[in-house]
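Peer 1: Residues in the sequence shown are numbered from 1292 upward in steps of one, following my numbering.
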Amino acid sequence: MNKKIKIALIFGTRPEAIKMCPLVKKLKENNSFEVYTILTAQHRQMLDSVVKLFGVVPDFDLNLMKPNQNLWELSSEILLKTKDIFEKENFDLVLVHGDTTTAGISALSAFYSKTKIAHVEAGLRTFDKNYPFPEEINRVIVDSISDLMFCPTDKSAQNLYNSNIKKGVFKTGNTVIDALLYVVNNKPSNLDFIGLNNNLKTILVTSHRRENFGEPLKNICLAIKELIEKNKDIEIVYPMHLNPNVRNTVIPILENIERVKLIEPLDYAPFCTLMKKSHIILTDSGGVQEEAPALGKPVLVLREETERPEAIEYGGVKLVGTNKEKIVNTIQELLNNKDEYEKMAKAINPYGDGHACEYIEKIILDYFAN
Ligand code: UD1
Ligand code: UDP
């Protein structure tokens, strides 16, 4: 029997888990692979609920999250703890995802251990090292030391070619669409616990980006307040990220306002059901920008820049930034102008066909066959 390809998938935050768990499952189905799952647990509760939903059982759990953690401490812990695992296990390939501290530092650690690296969701760029911070630099680091790069779109692959990274670059679609379709088709959720009013249009809000902490997030909340006062036929549902920097701003401005529901982060399955039920989505999240167009939901992105320009070009997403007037006016236009709403809702999803994991599996097999 041929030797199996020994692979580790390492992740630590909610979005990485959503986008990596389908791949863990896919690779585990294939006898050519010996698959290990390593959690840094950069997130804890928000990570665990996803891992449980997909039925993934981790082989290593570094359990690193600390309340209000900082980049230095988290990074050094990841580097030291992964060193021990990489040196002992001697993987043929380590897969990291996206642009978090977990991704950037685990990839660096694998590089120091002379282990081959694959980057899932490669090639995304704003080309501004400070925006998003520190994610843009994490992407650049990971792509510059990876052997295989799985790009969601032509544009992300082109970003790598333009940076003179040409070998090992593949367009696969984003595994988030695999995750979304699996959950939407297999894990329907009951949302009664939220207490939605079926006579109102639901506007779903999420935010957590560092660039928005403080004044920008305050403006977002003030825009929500103004929209609620102006429109008696809408309700806002805001599942708040557990980062205290988010909650400390959002709660004082938006608590106890009629038709504003500030709730705990939702597990992924109910969150998908809520996205499907929503009329408009207001977010600074990367993953939500990719998922919502696949569900036919207009998305307004609360950022000045995005590394995900495709859905803007296709028409399903608009960049509104964090200016209060701009947010209010853009939502008002969508609420009042049916044609404008339909145009956004009917735009094509550019992020994949739901088979990204299969394509990645095949590319890895081919890579080790040659
Ligand atoms: C991180 C990523 C960001 C990603 C986001 C997804 C970095 C630098 N940032 O940002 O790229 O978009 O995750 O959500 O990698 N917390 C909990 N429980 C949890 C999760 C978080 O209590 O399950 C709280 C803790 O106080 C923690 C804090 O949130 O210290 C911040 O978590 P951290 O991962 O450092 O930053 P995020 O803002 O979540
Ligand atoms: N999400 C979730 N519950 C929530 C909010 C978001 O399951 O209450 C999912 C969402 O569908 C998407 C992912 O979490 O797949 C996005 O994570 P986040 O916004 O934290 O990070 P980003 O994508 O910006 O890195």
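Just so it is clear, CB atoms sit at the ideal spot from N, CA and C, and this is done for glycine as well.
Treat the numbers as computed from the prediction; the structure is a model and nothing was measured.
With Ile1655 as the anchor, note down where its alpha helix (DSSP H) starts and where it stops.
Peer 2: On the sequence shown, residue 1655 is found 364 positions in, with the first residue counted as 1. 1647-1660 is the extent of the alpha helix (DSSP H) around Ile1655.
Peer 1: When you compare each of Glu1546, Ala1308, Val1467, Phe1659 to Ser1340 by their alpha carbons, which one comes out closest?
Peer 2: In the sequence shown, residue 1340 corresponds to position 49, counting from 1. When only C-alpha atoms are compared, the closest one is Ala1308.
Peer 1: Between Ala1470, Asn1661, Val1537, which lies nearest to Asn1359 when the distance is taken from Cα to Cα?
Peer 2: Along the sequence shown, read from residue 1 onward, the residue named residue 1359 stands at position 68. For Asn1359, the nearest C-alpha among the options comes from Val1537.
Peer 1: Whole angstroms is fine: what's the gap from Val1411's alpha carbon to Lys1523's?
Peer 2: Position 120 of the sequence shown, counted from the first residue, corresponds to residue 1411. Position 232 of the sequence shown, counted from the first residue, corresponds to residue 1523. Near 43 Å, if we compare the C-alpha coordinates of Lys1523 and Val1411.
Peer 1: Per DSSP, what are the beta-bridge partners of Ile1385 in this structure?
Peer 2: On the sequence shown, residue 1385 is found 94 positions in, with the first residue counted as 1. Inspection of the sequence shows that residue 1385 is occupied by Val rather than by Ile. Beta-bridge pairing links Val1385 to Ala1299, Ile1408.
Peer 1: Does DSSP put Asp1445 in a helix, a strand or coil?
Peer 2: Taking the sequence shown and counting its residues from 1, the one referred to as residue 1445 is at position 154. Three-state result, Asp1445: helix.
Peer 1: Report the three-state DSSP secondary structure of Glu1546 (helix, strand or coil).
Peer 2: Position 255 of the sequence shown holds residue 1546. Here Glu1546 sits in coil by DSSP.
Peer 1: Might you give, ordered along the chain, the residues of its own chain that have their beta carbon closer than 6 Å to the beta carbon of Gly1607, omitting 5 neighbours on each side?
Peer 2: By one-based count along the sequence shown, residue 1607 stands at place 316. Cβ within range, chain order: Pro1584, Met1635, Ala1638.
Peer 1: Is Tyr1422 helix, strand or coil by DSSP?
Peer 2: Your numbering for residue 1422 matches position 131 in the sequence shown. Correct three-state label for Tyr1422: coil.
Peer 1: In angstroms, rounded to a whole number, what distance separates the CA positions of Lys1379 and Leu1318?
Peer 2: Mapped onto the sequence shown, residue 1379 falls at position 88. Mapped onto the sequence shown, residue 1318 falls at position 27. Rounded to the nearest angstrom, the two C-alpha atoms are 22 Å apart.
Peer 1: Would you kindly work out how many angstroms separate the C-alpha atoms of Ile1519 and Leu1508, rounded to a whole number?
Peer 2: Walking along the sequence shown from the start, residue 1519 turns up at place 228. Walking along the sequence shown from the start, residue 1508 turns up at place 217. Roughly 17 Å separates the two Cα atoms.
Peer 1: Locate the beta strand (DSSP E) running through Glu1595, then write down its first and last residues.
Peer 2: On the sequence shown, position 304 is the one that residue 1595 refers to. It is not in any beta strand (DSSP E) - Glu1595 carries neither H nor E in the DSSP assignment.
Peer 1: Could you say which of Lys1316, Ile1511, Lys1295 lies nearest to Val1348 if we only look at CA atoms?
Peer 2: For the purposes of this step, residue 1348 is taken as residue 57 along the sequence shown, with counting starting at 1. Checked all of Lys1316, Ile1511, Lys1295; the closest Cα to Val1348 is Lys1316.
Peer 1: Please determine whether the Cβ atom of Leu1610 lies at a distance below 7 Å from any heavy atom of the ligand UDP.
Peer 2: As a working note, residue 1610 is residue 319 in the sequence shown. Result no, Cβ not under 7 Å from the ligand UDP.
Peer 1: Along the chain, where does the beta strand (DSSP E) containing Glu1325 start, and where does it finish?
Peer 2: Residue mapping note: residue 1325 aligns to position 34 of the sequence shown, counting from 1. Where Glu1325 is concerned, the enclosing beta strand (DSSP E) stretches over 1324-1330.
Peer 1: To the nearest angstrom, how far is the alpha carbon of Glu1368 from that of Gly1505?
Peer 2: Numbered from 1 along the sequence shown, position 77 holds the residue referred to as residue 1368. Numbered from 1 along the sequence shown, position 214 holds the residue referred to as residue 1505. Using only the alpha carbons, I get a separation of about 28 Å.
Peer 1: Is the CB-CB distance between Leu1557 and Leu1545 below 8 Å?
Peer 2: As a working note, residue 1557 is residue 266 in the sequence shown. As a working note, residue 1545 is residue 254 in the sequence shown. Not closer than 8 Å, so no.
Peer 1: Please list, in chain order, all residues of the same chain as Tyr1642 whose beta carbon is under 6 Å from its beta carbon, the five residues on each side excluded.
Peer 2: Numbered from its first residue, the sequence shown carries residue 1642 at position 351. Excluding residues within five positions, the ones whose Cβ falls inside 6 Å are Pro1443, Asn1465, Ile1468, Glu1581.
Peer 1: Per DSSP, what are the beta-bridge partners of Asp1352 in this structure?
Peer 2: Translated into the one-based positions of the sequence shown, residue 1352 becomes position 61. Its beta-bridge partners are Leu1330.
Peer 1: Nearer than 7 Å: is that true of the beta carbon of Asn1510 relative to any heavy atom of the ligand UD1?
Peer 2: On the sequence shown, position 219 is the one that residue 1510 refers to. No, since every heavy atom of the ligand UD1 falls outside the 7 Å radius drawn around the Cβ of Asn1510.
Peer 1: Compute the Euclidean distance between the alpha carbons of Leu1491 and His1570, then round it to the nearest angstrom.
Peer 2: In the sequence shown, the residue the question calls residue 1491 occupies position 200. In the sequence shown, the residue the question calls residue 1570 occupies position 279. One C-alpha to the other measures close to 10 Å.
Peer 1: Among residues of its own chain, excluding the 5 on either side of Thr1406, which ones have a beta-carbon nearer than 6 Å to its beta-carbon?
Peer 2: Numbered from its first residue, the sequence shown carries residue 1406 at position 115. Closer than 6 Å at Cβ, skipping near neighbours: Phe1377, Phe1382, Val1385.
Peer 1: Tell me whether His1532 counts as near the ligand UD1, meaning its Cβ is closer than 7 Å to at least one heavy atom of that ligand.
Peer 2: Along the sequence shown, one-based indexing puts residue 1532 at 241. Because some heavy atom of the ligand UD1 lies under 7 Å away, the Cβ of His1532 counts as near it: yes.
Peer 1: Ile1494 by DSSP, collapsed to three states: which one?
Peer 2: Reading the sequence shown from its first residue, position 203 is the one you call residue 1494. Reduced to three states, the DSSP call for Ile1494 is strand.
Peer 1: Given this structure, state the Cα-to-Cα distance separating Asn1640 from Ala1602, to the nearest angstrom.
Peer 2: Counted from its first residue, the sequence shown places residue 1640 at position 349. Counted from its first residue, the sequence shown places residue 1602 at position 311. Their Cα atoms are separated by approximately 7 Å.
Peer 1: Over what stretch of residues does the beta strand (DSSP E) that includes Pro1530 continue unbroken?
Peer 2: Here residue 1530 corresponds to residue number 239 of the sequence shown, with the count starting at 1. Taken as a continuous stretch (DSSP letters only), the beta strand (DSSP E) holding Pro1530 covers 1525-1530.
Peer 1: If distances are taken between C-alpha atoms only, which option among Val1590, Glu1595, Gln1336 comes closest to Tyr1605?
Peer 2: As a position in the sequence shown, residue 1605 is number 314, starting the count at 1. Checking every option, the nearest Cα to that of Tyr1605 belongs to Val1590.
Peer 1: Going by DSSP, name the residue or residues bridged to Met1311.
Peer 2: Within the sequence shown, numbered from 1, the residue matching residue 1311 stands at position 20. Paired residues: none, contrary to the question.
Peer 1: Helix, strand or coil for Val1611 per DSSP?
Peer 2: Taking the sequence shown and counting its residues from 1, the one referred to as residue 1611 is at position 320. In the structure shown, Val1611 sits in coil (DSSP, three-state: anything other than H, G, I, E or B).
Peer 1: Helix, strand or coil for Val1579, going by three-state DSSP, please let me know.
Peer 2: Counting from 1 along the sequence shown, the entry for residue 1579 is found at position 288. Three-state DSSP puts Val1579 in a helix.
Peer 1: Alpha carbons only, please: which of Arg1599, Asp1445, Gly1645, Lys1552 is nearest the one belonging to Ile1494?
Peer 2: One-based indexing of the sequence shown puts residue 1494 at position 203. Nearest of Arg1599, Asp1445, Gly1645, Lys1552 to Ile1494, Cα basis: Lys1552.
Peer 1: So what's Lys1462 in DSSP terms, helix, strand or just coil?
Peer 2: Here residue 1462 is taken as the residue at index 171 of the sequence shown, counted from 1. In the structure shown, Lys1462 sits in a strand (DSSP, three-state: E or B).
Peer 1: Ignore the nearest five residues each way along the sequence and tell me which others in Tyr1650's own chain have a CB closer than 6 Å to its CB.
Peer 2: Residue 1650 sits at position 359 when you count from the first residue of the sequence shown. So the qualifying residues of the chain are Thr1463.
Peer 1: Where do the ends of the beta strand (DSSP E) carrying Thr1564 lie?
Peer 2: What you label residue 1564 is simply residue 273 of the sequence shown in a count that begins at 1. Not the beta strand (DSSP E): Thr1564 falls in the alpha helix (DSSP H), residues 1559-1568.
Peer 1: Say the cut is 7 Å; is the CB of Leu1365 nearer than that to a heavy atom of the ligand UDP?
Peer 2: To locate residue 1365, count along the sequence shown from 1; it is residue 74. Leu1365: no, Cβ never under 7 Å from the ligand UDP.
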